[in-house]
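Participant: Have a look at this one.
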Amino acid sequence: KTKGTVTILPNILSSQYFYIQDETGGIQIYSYGKDFPALCIGDVVLIEGEISDYYNDKRVKISGASDITIVEHSKIVTTKETTIDEITNSVVGQIVTVVGTVTETSGDTFYIHGSGEIKVNIREETAILKPKMKQGDKVRITGVVSRYKDTFQILPFEQSGVTILSSGE
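Position one of the sequence shown corresponds to residue 4 (this note's numbering), numbered consecutively onward.
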């Protein structure tokens with residue numbers, strides 16, 4: 004059992020999962036059958052399921068909507084302002100904001116460097132239009148921290164989560 008505040012709804016990053024977080028961290032809530040109750044950002048939920056992982060990204064696997072109890076509505080969701088080198092296992096599943104310089108870009112994936120380097124992956128499901136960017140551009144990224152195999156990445160979930168602050172020219 005775990006309890007947390009809904010930060011990213013189902014059907015934003017995937018139809019099979021959403022995210023919750025509390026003061027200690029965040030985690031993905033996964034349902035193979037895509038069976039979730041009507042949720043709102045800020046809902047405090049109690050989840051009952053099985054801890055699992057997907058390529059080292061921890062999650063709680065549920066059977067269906069009956070494994071989720073909405074305890075409270077409209078709690079404030081906070082974003083953690085951090086630096087790239089502070090992105091470790093302790094912030095996986097949390098929403099963070101980082102600032103960095105684009106070092107590489109290809110399709111809907113790019114890398115930024117600040118106090119370290121991190122991958123930013125814009126998922127097709129989000130309908131985020133990646134701004135035209137080039138190497139050297141300074142950007143602010145807000146998204147959920149995910150881990151795929153041994154690589155940390157940030158997954159923006161709304162258009163305002165990818166902002167070019169200044170051109171590298």
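Ideal placement from N, C-alpha and C gives every residue a C-beta, glycine not left out.
If you drop the 5 nearest sequence neighbours on each side, which residues of the same chain put their C-beta closer than 8 Å to that of Glu-127?
Facilitator: Position 124 of the sequence shown holds residue 127. Same-chain partners within the cutoff: Asp-111.
Participant: Using only the alpha-carbon positions, how far apart do Ser-169 and Asp-38 sit?
Facilitator: The residue labelled residue 169 in the question sits at position 166 within the sequence shown. The residue labelled residue 38 in the question sits at position 35 within the sequence shown. About 42 Å.
Participant: Would DSSP call Glu-89 helix, strand or coil?
Facilitator: Looking up residue 89 in the sequence shown gives position 86. In the structure shown, Glu-89 sits in a helix (DSSP, three-state: H, G or I).
Participant: Pair every Cβ in the segment 12 to 19 with every Cβ in the segment 30 to 46, then say whether three or more of these pairs are closer than 8 Å.
Facilitator: Contact holds: three or more Cβ-Cβ distances are below 8 Å.
Participant: Quick one: grab the DSSP three-state call for Asp-25.
Facilitator: Numbered from 1 along the sequence shown, position 22 holds the residue referred to as residue 25. Strand at Asp-25.
Participant: What distance in whole Å lies between the Cβ atoms of Ile-98 and Val-147, which are believed to be in contact at a cut-off of 8 Å?
Facilitator: Stepping through the sequence shown from its first residue, residue 147 is reached at position 144. Stepping through the sequence shown from its first residue, residue 98 is reached at position 95. With a Cβ gap of about 5 Å, Val-147 and Ile-98 count as contacting.
Participant: Hey, would you say Val-95 sits closer than 7 Å to Arg-143, going by beta carbons?
Facilitator: Your numbering for residue 95 matches position 92 in the sequence shown. Your numbering for residue 143 matches position 140 in the sequence shown. Result no, Cβ atoms of Val-95 and Arg-143 do not sit closer than 7 Å.
Participant: Whole beta strand (DSSP E) runs in the segment 75 to 134 with 3 or more residues, listed along the chain?
Facilitator: Within the segment 75 to 134, the complete beta strand (DSSP E) runs of at least 3 residues are 98 to 109, 112 to 116 and 120 to 124.
Participant: Should Val-63 be labelled buried (16 or more other beta-carbon atoms within 10 Å of its own) or exposed?
Facilitator: The sequence position of residue 63 within the sequence shown is 60, counting from 1. Buried: at least 16 other Cβ atoms inside 10 Å.
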